[in-house]
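Right, one structure below, let's go through it.
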Amino acid sequence: MNSFILAVAELPLLSDIVVIFGLATLVILLFMRLKLPTIIGYLLTGAIAGPYGLSLVYASTAVEVLSEIGVILLLFVIGLEFSLKSLMAIKKAVFIGGSLQVTLTIGVTAMISYLFGFDWNIAVFFGFLFALSSTAIVLKLLQESGQVNTISGRTTLAILIFQDIIIVPLVLFTPMLAGESDNVLLSLFYLALKGGLVIVLTIISAKYLIPQLLYRVAKTKNEELFLLSIIVTCFAVAYVTSLLGLSLGLGAFLAGLIISESEYSHHATGKILPFREIFLSFFFVSVGMLFDISFLAEHFLLILALVALTFVVKFTVTSLAVKSLGTSYKESFIVGFSIFQVGEFSLLLAKEGLKYELLDNTTYQFFLAISILTMIITPFVLKQRENLACKVLNIPMPQKFKKKLEEKTQVPELNLEKDSLNDHLVIIGYGLNGRNLSRAAKRAKIPYVIIEMNPETVKVEAAKGEPIVYGDAANAVVLEHVQIHKARVAVIAISNQPATSGIIENIRTASQSVFIIVRTRYVNEIESMLNQGADEVIPEEFETSIEIFTRVLYKYLVPKGEIDDFTNDVRHHNYEVFRTPSNDSSVPTLDIPEINFAGIKIEKDHGTYIGKSLKDSNLRGNTGINLVAIKRDGKTVTEITGNTKVKLGDIVYVVGKPEALELFEEEVGIS
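Numbering (my numbering), first residue to last: -18 to 652.
Here is the structure:
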């Protein structure tokens, strides 16, 4: 006992870290077994360990500091994955979509709160609280599902960025709502100047300072120094923005943007990710620690009704804001289902409300319960957001409103001659695979038509004359428009598994004769898609494996015919050769030659084989290797005779056993 007290006295946070991580490990193991999101596990850990649970954690302030570091690292990694160019490409979504979402949410929430009997200033403050969404949770889930760079993902990110920016003015307005006499307009003017200064510094750093710094650090080949420079950049920029009155999270995002302009961004991401995961867990635990489970049980029905009201209001307002950008209704609904929750910055703002007596303790607990419950259901809703969006579109309604919902964004509509579409190819998705397929079809003079959901892509490609239509291939009307029942082949070249399943089902409803080829990410999805009606499923992970192994075999000088037989057999056996150990005698054995082919640079000006003719040096007899070509002064010489001489600076291409090539390289090179 004395040793425990001594350990706590020396490092008060140590016992809390042990409790949090120990309890979290058990909870997350259970959640993984039940296939539940780990975020909810961390929230539950905080609720159990916090003051309203078993009171196992005491240094709650220190835990909040660690959680803030987690949020900083999360936004830093998001910035690393973006670039200034890509951010400017969504500036309309950031400033128009974001401002509309925040303004409308504040207005609607304030109106509802006022009708519930709250004073106007408190009602407006409620609007501040509910206007913000959870950047930490939503972006983590989008990252895990690979949806950050989709249309809906980028729009979601844009609105979350605006929310992170607007938190500062909201904090400045809070004292004004409480009746304080601060000059808010002057503060906002200074804030605008600071924001402009930060933007200028970000651009200069991204173009000139950081790339040069990272270049010099990378040249040292010291991984510890590289990691240190990345962490310093992240926290230095975050610290500068905090000194200017802006949020730490915004500074971290800008730091990530700065590094993303260099070629070291991917390496930096790999270094930071483990730290982000550790510190981010503290954030979710710290939020869970605020959760008073007894208060929730006592007012469960009322809190549940308020959660439902929050969901409906934020979903509706966000969808309208995104639709104003010209996005389709489906994409607008997807974004609405992504950021319906109350965010972590709202929790910080709520503490300001307590400070200025805009909230009492009871109202604060109601707000916490609503916030945490919306955070808890976020992973489930986000996982099904596309399906939910489709269900909203398919709600029974008068035909007039139905037509309005089905209106597409203003993109060129291809005037297809339906009678001319026969025995054609339908390409669904115009990413890299779709583009390559369309080029091949054009060259082979195969009639084809493309279905694509990105309105910008449709607009650009339609202007080029591509037979492309805007629409969702899961919609029977769109499939009918491209005459799917007359097509010979349909290729589904998108990476969304739930959407692919819906498309297969709709194609099979329209036609049983169309040959459906599906691209999928993982081999474990093959069987389910074949059962749904696909004729052939090509998994990316194993096609990549085949391509890599094919190149390996080429390096081992295996004959091309044998390589082709092997790859064909792998595909014929549905990739079983790579998936599980097999003793199947039908799988071809590969005869690996005991020779290698190498290019070796001559780095010495004298030696046994340097400056002498091949017949005098007897290269083949002494070493057992054959010289087949020489690259000299930028030209490749393939006519090799007994009089050919090897000189300093040559690159010689030789064939022989690996050990012979190694000895020859030691002879002519500088080790």
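We put the CB at the ideal spot given by N, CA and C, even for glycine.
Just to confirm, is the Cβ distance from residue i to residue j under 8 Å?
i    : j    : result
M356 : S48  : no
I606 : V627 : no
I184 : V218 : no
I20  : I146 : no
A30  : F272 : no
G232 : T222 : yes
I507 : I497 : no
A697 : I431 : Missing from the structure shown is residue 697; the chain here goes from -18 to 652 and no further.
V303 : E312 : yes
V213 : L206 : no
M434 : T481 : no
L406 : R469 : yes
Y590 : A610 : no
G491 : A515 : It is Ala, not Gly, that sits at residue 491 in the sequence shown. Cβ distance not < 8 Å, so A491 and A515 don't count as in contact.
G51  : L195 : no
V288 : L354 : yes
L138 : V152 : no
K596 : G623 : yes
F326 : I148 : yes
G412 : A474 : yes
For the beta strand (DSSP E) containing residue i, list its first residue and its last residue.
i    : result
I449 : I449 to Y451
F578 : N577 to K582
G602 : Element bounds for G602: not the beta strand (DSSP E) but the alpha helix (DSSP H), L600 to T604.
P360 : No beta strand (DSSP E) holds P360; the alpha helix (DSSP H) holding it covers N342 to K364.
P520 : E517 to P520
G637 : I632 to G637
Y429 : Y429 to E433
Check residue i in the structure and name its three-state DSSP category.
i    : result
T131 : coil
Y33  : coil
E549 : It is Asn, not Glu, that sits at residue 549 in the sequence shown. If DSSP states are grouped into helix, strand and coil, N549 belongs with the helices.
V472 : strand
S492 : coil
K188 : helix
R613 : strand
V558 : Caution is warranted here: a pLDDT of 47 is assigned to V558, below 50, making its placement in the model unreliable, and the coordinate value is therefore given only provisionally. Helix, per DSSP.
T619 : coil
K626 : strand
L511 : helix
From residue i to residue j, what does the alpha carbon distance come to, in whole angstroms?
i    : j    : result
L35  : S80  : 42 Å
R135 : L113 : 17 Å
C215 : E242 : 14 Å
A641 : T548 : 31 Å
L644 : L629 : 18 Å
D545 : I581 : 29 Å
L158 : V105 : 8 Å
F265 : L190 : 35 Å
L402 : D550 : 35 Å
G177 : S186 : 14 Å
I315 : V179 : 32 Å
S305 : L85  : 12 Å
G650 : V618 : 20 Å
L254 : A5   : 19 Å
S462 : I449 : As written in the sequence, residue 462 is His, which differs from the Ser given in the question. Approximately 11 Å between the Cα atoms of the pair.
A249 : Y220 : 20 Å
L96  : N414 : 54 Å
L225 : L141 : 21 Å
A579 : Y451 : 51 Å
Please identify the residue among the options whose C-alpha is closest to the C-alpha of residue i.
i    : options                   : result
L339 : G615, F97, N102 and E647  : N102
Q322 : F111, M270, E279 and Y345 : F111
G3   : A139, F263 and A173       : F263
V439 : I583, A422, R424 and R416 : R416
F361 : L328, P377, G324 and S319 : S319
V75  : F12, Q144, L7 and V58     : Q144
M270 : L37, E125, D100 and S210  : L37
F348 : R366, E333 and L328       : L328
A680 : F109, A331, Q365 and L363 : This structure gives no information on residue 680, because the portion of the chain shown stretches from -18 to 652.
I need the boundaries of the alpha helix (DSSP H) containing residue i, first residue and last residue.
i    : result
E279 : I274 to E279
I658 : The first residue shown for the chain is -18 and the last is 652, placing residue 658 beyond what the model contains.
V407 : Taken as a continuous stretch (DSSP letters only), V407 belongs to no alpha helix (DSSP H), being part of the beta strand (DSSP E) at L406 to I409.
E205 : E204 to L224
Y310 : Y310 to S319
I118 : T116 to S126
N505 : Counting along the chain, N505 falls outside any alpha helix (DSSP H), and DSSP gives it neither H nor E.
Y337 : Neither: Y337 is in no alpha helix (DSSP H) and is coded neither H nor E.
L418 : L413 to R424
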